[in-house]
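In what follows, a single structure is set out as structure tokens and then discussed.
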Amino acid sequence: MSAPLDKLLRDARIDLVLSRIEKDPSVIDDVIKYIDSEIRSIRFNSILVLGEIGEKSASAFSKIVECLEDDDWSICREAVRSLGKMGNLAEKGTIKLSKMIGNEEDSIRKEIAITLGKIGIAGDEVLAALKTSLKDNNEDIRVEAAKALGNIGPSAHTIIPDLMLSLKDKSWPVRTASAQAVSKIGEGTKKAIPTLIKALNDKDWRVRYRVVNTLAKMGREAVPSLLKTLKDKNPITRKEAIEALGEMQISDPIIIDDLSKLLGDNIEFVRGKAANALLSIGKEAIPALIKAYETANNEVKILIISAIGGIGRDAKEAILFIIKTQSHSNKLVRVEASRTLGNIGVDSIDAVVGLQHALNDPKNIVRRESAISLGKIGSNASTAISALINSLNDKNPDVRWRASEALGLIGVNSEDVLSGLNNLIHDKCDYVCESATNALDSLIEE
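Position 179, counted from 1, in the sequence shown is what the UniProt record's numbering calls 179; the numbers after and before it change by one each time, with no gaps.
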């Protein structure tokens, strides 16, 4: 003989009650009746069961809402939880729940925030309640309020300024939840763009970081506003707008042109971000980078060459241009040119020839970087072996070190190569000796 329903509820045999409902849905009505029981455990577990069956408990909605005013705080809290499991059916309860956000019991306020997020309706009362919860003294409640706003999504865009403030919360979990909420809300609606753009000049880097990330994910919809922001008087705002455009990696001529203009910005970190953004866009930005080089000062020329190098093999169309920059009067420009040829010229004879000539540069640092780049190119740089063998006798130990290393990486174990490396085994600089030994070992093994 099966146990009476009230006994199962009193004993918290939720699994058995749910099993009984599954077999006979009419049991739901009996459970609803027990909400009025004088026995606390029966009332509590009746509400719990009705929450577990979700939308099937539609007929219990009004009863559960009544329980929100119960004198027993645990009954009240369970009623809040159950409403959160009822889906769209609970929409009518959001106003009542929102008004309870000032409840003195922490666990009730926490469950209200969670439930409002589950219901997902961005009514004025709901947003006002969650805005209040973002400032709650209890950390857990602030976290759940932020999560709830994220769950509500784009329709909660008016609350973004409040979430921005929460990005500065002393609690890491609150900041994390707020950051995620900003992204969830902002990514799904154009209406969030003005607020996000305004926040680009926030003094807190955490706010700016999240805004940039969100705008970048919004893609083309955010581009017009970001392009306008590139002209902002605040350099931090310009920098963050550049970063967002760079993360989008959209090869649009207008974007590329506007970013290339900022290579001449009077603020160093803005120029650096512009170069990085063009690098992120890739080979489509190369013509603009080359054009900007013509009127740039030496510092910016180095940024431009470095950006082209960062594009990698896709920048092979710029090889001849980079070779020309190897004749620049500034040694640091020539250094960057040699580094870049090592990154973009892996399959280029022209790059190898350019680097080979640079092994005779009057500056040690240029010769060293040229040797390093030839090593990066590897076996395709075999035509530079004679020049590298000559560099084994360079007066500068760093050049000898990198030349021996490059010969090992190129991998040609000719008699001249082995002889030249053997002569370095007893070099006065230990690291040169070690490099020559390592190169010999790798060549002999082959």
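Think of the CB as a built atom: it goes at the ideal place given N, C-alpha and C, for glycine as much as any other residue.
Only counting the same chain, and skipping five residues up and downstream in sequence, which positions put a Cβ closer than 7 Å to that of aspartate 350? Ile319, Leu320, Ile323
**Request:** Let me know the alpha helix (DSSP H) ranges lying completely inside the segment 337–366, each 4 residues or longer, listed in chain order.
**Result:** 349–358
Exercise for the section: Output the distance between the C-alpha atoms of threonine 340 and alanine 275, rounded to the nearest integer angstrom. Expected result: 14 Å
Sub-9 Å separation of arginine 334 and aspartate 361 beta-carbons:
yes
Would histidine 328 pass as a contact of alanine 337 if the rule is Cβ separation under 9 Å?
yes
> Considering only C-alpha positions, which residue in the set Gly310, Ile302, Asp258 is nearest to serine 280?
Replying inline: Gly310
Looking at asparagine 423: is its Cβ nearer than 9 Å to the Cβ of leucine 443? no
| Start and end of the alpha helix (DSSP H) containing glutamate 144? | 139–152
Q. Buried or exposed: which applies to glycine 117, given that a residue is buried once 16 or more other Cβ atoms fall within 10 Å of its Cβ?
A. buried
- Item | leucine 149 beta carbon less than 9 Å from that of leucine 127 | yes
Checklist entry - Quick one, which of Ile372, Ile256, Ala179 has its alpha-carbon nearest arginine 402's? => result Ile372
Worksheet item: What are the start and end residues of the alpha helix (DSSP H) that includes aspartate 441?
Response: 430–445
- Item | Among Thr229, Thr237, Gly282, nearest to glutamate 247 - alpha-carbon criterion | Gly282
Cβ of isoleucine 64 within 9 Å of Cβ of isoleucine 47? yes
(message) If I follow the unbroken alpha helix (DSSP H) through threonine 115, where does it start and stop?
(response) 106–119
Suppose you measure from the CA of isoleucine 95 to the CA of glycine 312; what does that come to, to the nearest Å? 57 Å
inquiry  = Going by DSSP in three states, methionine 248 sits in which element: helix, strand or coil?
reply    = helix
- prompt: Quick one: what's got a C-beta closer than 8 Å to aspartate 427's C-beta in the same chain, skipping five residues either side?
  reply: Pro397, Arg400, Cys433, Ala436
| Does the Cβ-Cβ distance between valine 174 and arginine 208 come in under 9 Å? | no
Distance check for glycine 123 and isoleucine 286, CA to CA, integer angstroms please. 49 Å
Among the residues of its own chain, which have a CB less than 7 Å from the CB of glycine 153, if the five just before and after it don't count? Lys184, Ile185, Gly188
Notebook entry, point to check: Helix or strand or just coil, what does DSSP make of leucine 303?
Noted result: helix
Give the DSSP-derived three-state secondary structure of serine 327 in the structure shown. coil
* To do: Please report the Cβ distance between glutamate 144 and alanine 113, rounded to the nearest whole angstrom; I am assuming they are in contact, meaning their Cβ atoms lie under 8 Å.
  => 4 Å
For glutamate 38, the three-state DSSP class (helix, strand or coil): coil
Through-space distance from glutamate 125 to glycine 84, alpha-carbon basis: 17 Å
Original post:
Where do the N-terminal and C-terminal ends of the alpha helix (DSSP H) with alanine 12 fall, by residue?
Top reply: Alanine 12 -> no alpha helix (DSSP H), and no H or E assigned at all.
For the alpha helix (DSSP H) containing aspartate 124, name the first residue and the last one.
124–133
| First and last residue of the uninterrupted alpha helix (DSSP H) at cysteine 76 | 73–84
query: What is the residue span of the alpha helix (DSSP H) that leucine 279 lies within?
result: 268–281
*Please report the Cβ distance between leucine 9 and tyrosine 34, rounded to the nearest whole angstrom; I am assuming they are in contact, meaning their Cβ atoms lie under 8 Å.*
6 Å
Taking the alpha carbon of threonine 295 as the point to measure from, which residue in Ala90, Val212, Ser260, Ala156 has its own alpha carbon closest?
Ser260
*asked:* Relative to the C-alpha of alanine 58, which candidate in Ile28, Lys198, Leu278, Leu421 has its C-alpha closest?
replied: Ile28
Using C-beta distances below 6 Å, list every residue in its chain close to isoleucine 377, excluding the 5 sequence neighbours before and after it, in chain order.
Val346
Exposed or buried, which one is asparagine 343 when buried takes at least 16 other CB atoms within 10 Å?
buried
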